[in-house]
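Chains as they are written, first to last, in our numbering: chain A, 1 to 184; chain B, 1001 to 1184; chain C, 2001 to 2184.
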Amino acid sequence: MSNQDVRIGIVTVSDRASRGEYEDLGGPAIREWLEKALTTPWQAVARVVPDEQDQVEAALRALCDEEGCCLVVTTGGTGPAPRDITPEATEAVCEKILDGFGEQMRAVSLKFVPTAILSRQIAGIRGRSLLINLPGKPSAIADCLDAVFPAVPYCIDLIEGPYLETDEAVIKAFRPKHARKPQA
Amino acid sequence: MSNQDVRIGIVTVSDRASRGEYEDLGGPAIREWLEKALTTPWQAVARVVPDEQDQVEAALRALCDEEGCCLVVTTGGTGPAPRDITPEATEAVCEKILDGFGEQMRAVSLKFVPTAILSRQIAGIRGRSLLINLPGKPSAIADCLDAVFPAVPYCIDLIEGPYLETDEAVIKAFRPKHARKPQA
Amino acid sequence: MSNQDVRIGIVTVSDRASRGEYEDLGGPAIREWLEKALTTPWQAVARVVPDEQDQVEAALRALCDEEGCCLVVTTGGTGPAPRDITPEATEAVCEKILDGFGEQMRAVSLKFVPTAILSRQIAGIRGRSLLINLPGKPSAIADCLDAVFPAVPYCIDLIEGPYLETDEAVIKAFRPKHARKPQA
């Protein structure tokens, strides 16, 4: 796959943002973080959906299967409240769940707030796409991306996606030696 | 919901305690810890049940749905042995599982014993109730409650339960600013 | 059960190793680690199987149910790639999953590489057998066994398996006092 075709889905899950009652802050925070971190050219595909499991599932499936996103990141809907269904929707569309992402995001968030244990964020694989749930709060988004993104490019290699490169001053991605491409 | 109505379920899961062959130490240890920690008036609803999944499930359902407990805490039955079925019963009655509780309880218990990884404790949500599995051993109960309770009052807020307050000298509960009630 | 009968299954999950295109390094690394760690006499039962879920399941079932292994350890097939199905096969044959093993192995591996969060290693119980997934890389195998093995002998006690003893200079197994046998 040519790196010109790199597409990343950004899904804001929020009843209020989807009705326009609330400015979407999570989606733009993810986009800004990725713009700083990635040196590989990429294109954002953004969606804002309400906290309805079927609509979140449909958005995730479309971004993976139709839009060809190698990475799909969500914000919002991961807490214990009745309307929080982002992890359920993510799990329903994934073939594999990667428990290490949720563990690591909670471990990092716990350094800031003890309520980090209430977060049900997961990550998983659907075909050639990696899906990651992030929190709703913009500052927590950056903490979580800082924590897990070093493993993201190699994960996408393993599912046969594009070779993503990062600005090492922002985030240092890790690949085992045999998986590294020679520098241009 | 008026805080006069705060009810907390305490379930001891033990074949021997349920037959009266063994003094229940876990249930009273939980009660004692909560009496020290909570300044909000509350009422304990205690049950002792054998390690039978259907009986544990029935007790959990009754405490949530009939007794109106906003919090239900169990002790015992979370290990790898054939009769240990408390997590299975808890998962069966919950709509959402909060993996961060088990992770955090194991991480804290690991500081004391390497066998903490054998614990299968979970937490989850059923309607307006938070369910938490604790270990059977009284000293480990306090370690686990110390570790996770700071997140419990805000979790109960999020599922529309009563506003619980703690004695900060014992346990400092955390709520984001927007969720804090003005002091009386 | 007499300790003369202690059998431990070692399963290498690898398409290439199963076709003889690649030397199995993971299986021998596990065996070497266990030979150093265990003072109880034991017998290895080794299998090399391709990354096919039904074949991995069949091997695990045979080692537990026919070969009478109290412990079955796998190497390989735990990543996010499409052919990685060892955790799925393990979960399918287990009655109980012990999340603490995967958490602890990832936490330890994270000290070495940020891609540790991509590992989906699990552990679980089938009847009187403990099953543990290890990574494919020999150096990571030792790191993971160092991290979780202190809890393995007591876990096997709890599922009514043989009383395993370790060389404390290599690995210090932990049992609560009431579970310790008097020294010979």
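Heads up, the beta-carbon is just placed ideally off N, CA and C, and yes, glycines get one too.
Give the straight-line distance between the Cα atoms of residue i and residue j, rounded to the nearest whole angstrom.
| i | j | result |
| --- | --- | --- |
| A/N3 | C/E2032 | Note that A/N3 scores a pLDDT of 48, beneath 50, so its modelled location is shaky; the value from the coordinates is reported in the next line. Approximately 44 Å between the Cα atoms of the pair. |
| A/K36 | C/M2105 | 32 Å |
| B/E1021 | B/G1027 | 15 Å |
| B/A1017 | B/T1078 | 16 Å |
| C/R2126 | C/Q2043 | 20 Å |
| C/P2196 | C/E2160 | Here chain C has residues from 2001 to 2184 only, and residue 2196 of chain C is not among them. |
| C/R2175 | B/T1090 | 27 Å |
| B/E1088 | B/L1130 | 16 Å |
| B/E1103 | C/E2103 | 8 Å |
| A/L60 | A/G124 | 12 Å |
| B/C1155 | A/I10 | 27 Å |
| B/G1136 | B/A1107 | 17 Å |
| C/I2141 | B/V1013 | 37 Å |
| B/C1069 | A/T86 | 27 Å |
| C/D2024 | C/D2051 | 14 Å |
| A/M1 | A/R19 | Residue placement at A/M1 cannot be trusted, given a pLDDT of 48 that sits under 50; what the coordinates show is reported in the next sentence. Each residue's alpha carbon lies about 36 Å from the other. |
| B/Q1121 | A/T39 | 43 Å |
| B/K1172 | B/P1150 | 6 Å |
| A/R180 | C/C2094 | 37 Å |
| B/L1158 | A/R83 | 10 Å |
| B/V1072 | B/L1134 | 10 Å |
| C/D2080 | C/D2015 | It should be pointed out that residue 2080 of chain C corresponds to Pro in this sequence rather than to Asp. Whole-angstrom Cα-Cα distance: 16 Å. |
| B/I1008 | B/Y1163 | 13 Å |
| C/K2177 | C/K2096 | 25 Å |
Which of the three DSSP states, helix, strand or coil, is assigned to residue i?
| i | result |
| --- | --- |
| A/S129 | strand |
| B/Q1043 | strand |
| B/L1038 | strand |
| A/T12 | strand |
| C/A2123 | strand |
| B/L1164 | coil |
| C/K2096 | strand |
| B/L1025 | coil |
| C/R2180 | coil |
| C/T2075 | strand |
| C/V2108 | helix |
| A/A83 | According to the sequence as given, residue 83 of chain A is Arg; it is not Ala. Reduced to three states, the DSSP call for A/R83 is coil. |
| C/S2002 | With a pLDDT of 49 at C/S2002, under the threshold of 50, the modelled position of this residue cannot be trusted, and the question is left open. |
| B/V1113 | coil |
| C/V2049 | strand |
| A/R7 | strand |
| B/A1017 | helix |
From the beta carbon of residue i, is the nearest beta carbon of chain C less than 7 Å away?
| i | result |
| --- | --- |
| A/A169 | no |
| A/M1 | In this prediction, A/M1 scores a pLDDT of 48, lower than 50, which makes its location untrustworthy; no coordinate-derived value is stated. |
| A/G100 | yes |
| B/C1070 | no |
| B/A1092 | no |
Examine chain A for any beta-carbon lying closer than 7 Å to the beta-carbon of residue i, and answer yes or no.
| i | result |
| --- | --- |
| C/A2081 | yes |
| C/P2114 | yes |
| C/L2118 | yes |
| C/R2180 | no |
| C/R2106 | yes |
Chain B beta carbons: is any one of them nearer than 7 Å to that of residue i?
| i | result |
| --- | --- |
| C/E2103 | yes |
| C/I2125 | yes |
Show which residues of chain F have a CB atom less than 8 Å away from the CB atom of residue i.
| i | result |
| --- | --- |
| B/K1137 | The displayed structure is made up of protein chains A, B and C, and chain F is not among them. |
For this session: Output, in sequence order along the chain, the residues in the region 2144-2163 of chain C whose CB is closer than 7 Å to any CB in chain B.
Result: Residues V2148, P2150, A2151, Y2154, C2155, L2158 and I2159.
For this session: Pull out every residue of the region 36-61 of chain A whose Cβ sits closer than 9 Å to any Cβ of chain B, in chain order.
Result: So the list is empty, because no residue satisfies the distance condition.
Exercise. Closer than 9 Å, Cβ to any Cβ of chain C: which residues of the region 1003-1015 of chain B, in chain order?
Worked result: Within the region 1003-1015 of chain B, no residue has a Cβ that lies closer than 9 Å to any Cβ of chain C.
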